[in-house]
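This report concerns only the one structure given below.
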Amino acid sequence: MRAVSRVVAAVTALVLAAAAIAVLAEIVVTAAGHQQAVLHWHRWHDDALTHAWSSPAVRQIGFGLVAAGLLMVVVSLAGRRPVVLPLRRNDGRVTPVVHRRSLEQTLAADAGRIDGVAKPKARIAGSRLRVRASTARHDTTGLAPAVQSRLEDRIAGIHLDHRPAIEVKLHRSGA
Amino acid sequence: MNATAPNAVPEDERDPDRLNRVVLLTLGLALVVVGIVLLARSYGWIGDTSSAPILGDRWRTDVLKADDWFWPAAAMACTMLALLALRWLRAQLQTRRAGNADLARDGILGATHVSGSGVAAAFAEDIEDYDDVERAVARISGDAEHPVIDLRVDVGRGADLPSLQTRIEHEALQRLCFALETDAVAMNLRFRLKDAPGKRVA
């Protein structure tokens, strides 16, 4: 969501800057006694004099503003997973962290090394580590506990500051 | 002296995300309110204005009356808005890593000037010699009394992070403290686990 937020922010900033510069240019050009520079404000002015509030254009603009505003609100309030996860500290001067995505990839790779586990995906969100994988085995007894045990050992060895609860789900892949 | 609160995530990890959240939320709410007001007037929910022209006589009279200050004020507002928007845009484009701070200290025998980039490079090279470390990148900020080092260490996926962390703290950081003649070096240590199981070959 950080990347989406950054793209939306960049586009919004660009639109705002361009609009402000265009209006500024128009004010300056008009004050200097010239005709319009970039914006067709004469036409917009005439339209605003002749069109009523109930015209379709006003409603389209209204719905457009509400939609754009809601998009921005959703992007700004959407949950973000942390970029890094804190590790246990030994020394008060040092703040150790591990890159979350790289840890997820490592845990998924660990799960994938267990015989019968395919396409593993790990996701750390809040205090949970969720692992999803598929298996071609008919009998999956003991497979999920094996994945869980492997990942518990791995996480214990990393010394995360808050150890996540592990949830493993295996889906049987088509024969 | 510790520059960072316990378990706090280094500040640069969140930037410019925090700024984006605040600005997008503010702008988003403003757009929703303006849009709802437009729709309310258009559908006649507030007063019976739906059949009135968008630019009424009152608006034109008010703007004409304020002609001496309205347009200069509008120009100034546009200038401010453009500058703020460009600054916001720049925050999206800039990279996280700034340069290294040089560390200067005045002593009895004269001033000592330490190149931050030189110290950071030497510190990173020191750590790159450790087993399991693929790559280390360091950056120094702060001042000579309270330097802060941001260290990113790329390690193989099988690396023993607690041992590596202890070794960095007890060996490399101690050497750095000795070189900088201060114990007040704070460090943000960031591990990234990488695919490659072994060290790079030069």
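Taken in order, these protein sequences are the chains called A and B.
The first sequence begins at 1 in the numbering used here and counts up by one.
The second sequence begins at 1 in the numbering used here and counts up by one.
Ideal placement from N, C-alpha and C gives every residue a C-beta, glycine not left out.
On a predicted model such as this, the values are computed, not experimentally measured, just so you know.
Taken atom to atom, the span from the alpha-carbon of serine 102 (chain A) to that of glycine 69 (chain A) is near 34 Å. Looking only at A:Thr141, A:Ser127 and A:Glu104, the smallest Cα-Cα distance to glycine 116 (chain A) is reached by A:Thr141. Note on histidine 99 (chain A): 16 or more other CB atoms within 10 angstroms of its CB, so buried under the neighbour-count rule.
According to the DSSP assignment, leucine 64 (chain B) belongs to the alpha helix (DSSP H) that extends over 57-65. In the DSSP assignment, glutamate 152 (chain A) falls within the alpha helix (DSSP H) that extends over 143-158.
Within the DSSP bridge table, the entry for alanine 122 (chain A) names A:Val131 as partners. Contact with chain A is absent for alanine 124 (chain B), since none of that chain's Cβ atoms lies less than 8 Å from the residue's Cβ.
Here arginine 2 (chain A) has Arg80 as same chain residues with Cβ atoms under 7 Å from its own Cβ, once five neighbours each way along the sequence are excluded. Within the region 27-41 of chain B, contact with chain A at the beta-carbon level (separation under 9 Å) is assigned to Leu27, Gly28, Leu29, Ala30, Leu31, Val32, Val33, Val34, Gly35, Ile36, Val37, Leu38, Leu39, Ala40 and Arg41.
In the three-state reduction of the DSSP assignment, methionine 76 (chain B) falls in the helix class. For threonine 112 (chain B), the enclosing beta strand (DSSP E) has its first and last residue at 110-114. Lysine 194 (chain B) and glycine 156 (chain B) have their C-alpha atoms some 5 Å from each other. Here proline 147 (chain B) is buried, its C-beta having at least 16 other C-beta atoms within 10 Å. Contact annotation: the region 27-44 of chain A does not touch the region 98-105 of chain B, with fewer than three C-beta pairs closer than 8 Å.
Of all residues in the region 127-152 of chain B, none is placed with a Cβ closer than 8 Å to any Cβ belonging to chain A. In this structure, the beta-carbon distance from leucine 129 (chain A) to isoleucine 158 (chain A) does not fall below 8 Å. For leucine 170 (chain A), the enclosing beta strand (DSSP E) covers residues 165-172. Listed in chain order, the alpha helix (DSSP H) runs fully inside the region 90-124 of chain A are 100-112, counting runs of at least 4 residues. The Cβ atoms of alanine 111 (chain B) and glutamate 145 (chain B) lie no closer than 8 Å to each other.
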